[in-house]
Amino acid sequence: MSGGFNVDGSALRAYAKNGVEAAAGRVDAIRARTQQLALTQQAFGKLPQSDELKADYDTQRKESRDDLEDAVDTLYAIVDALRESAEAYHTTEKKISGGLGGGA
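One gets my numbering by counting positions in the sequence shown from 1 and adding 87 to each.
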């Protein structure tokens, strides 16, 4: 117990793995699939605006890749923070229990 509440470290670790880490994997899979959607210039036809459409498509594709990579990085940072929090709570509980004469 810390500050009047209990923290279940195993629940934090399970959420990190089964919730956040799994979500990061799904987002990364989406990133990989969307990056396979490269289109050639011919896909935009021969209209006068086709060059601009292709350039805009390429820009949007790159930006979406970058955004999804950032999302994956953020989710993995959350996973690390959850695991570190669980370990910190566990360490604190051990120290408090030891200081009160309880077993570790």
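Ideal Cβ placement from N, Cα and C applies to all residues, glycine included.
Between Ser151 and the ligand ZN, is there a pair consisting of the residue's CB and a ligand heavy atom that are separated by less than 7 Å? The model on display carries no ligand, and the ligand ZN is accordingly not part of it.
Please report how far the alpha carbon of Glu174 lies from the alpha carbon of Arg113, in whole angstroms. Straight-line Cα distance between these residues: approximately 26 Å.
8 Å Cβ shell around Leu126 - same chain, five flanking residues per side excluded: The answer, listed in chain order, is Lys141 and Tyr144.
Should Ala111 be labelled buried (16 or more other beta-carbon atoms within 10 Å of its own) or exposed? Under a 10 Å Cβ-count criterion, Ala111 is classified as buried, with 16 or more other Cβ atoms of the shown protein chains found around its own Cβ.
Relative to the C-alpha of His177, which residue among Gly96, Phe92 and Ile165 is closest? Of the candidates Gly96, Phe92 and Ile165, the one whose C-alpha sits nearest the C-alpha of His177 is Gly96.
C-alpha gap between Arg170 and Arg100, whole angstroms: Straight-line Cα distance between these residues: approximately 6 Å.
Report, in whole angstroms, the separation of the C-beta atoms of Arg118 and Arg148, which I expect to be a contact under 8 Å. Rounded, the Cβ-Cβ distance is 11 Å, inconsistent with contact.
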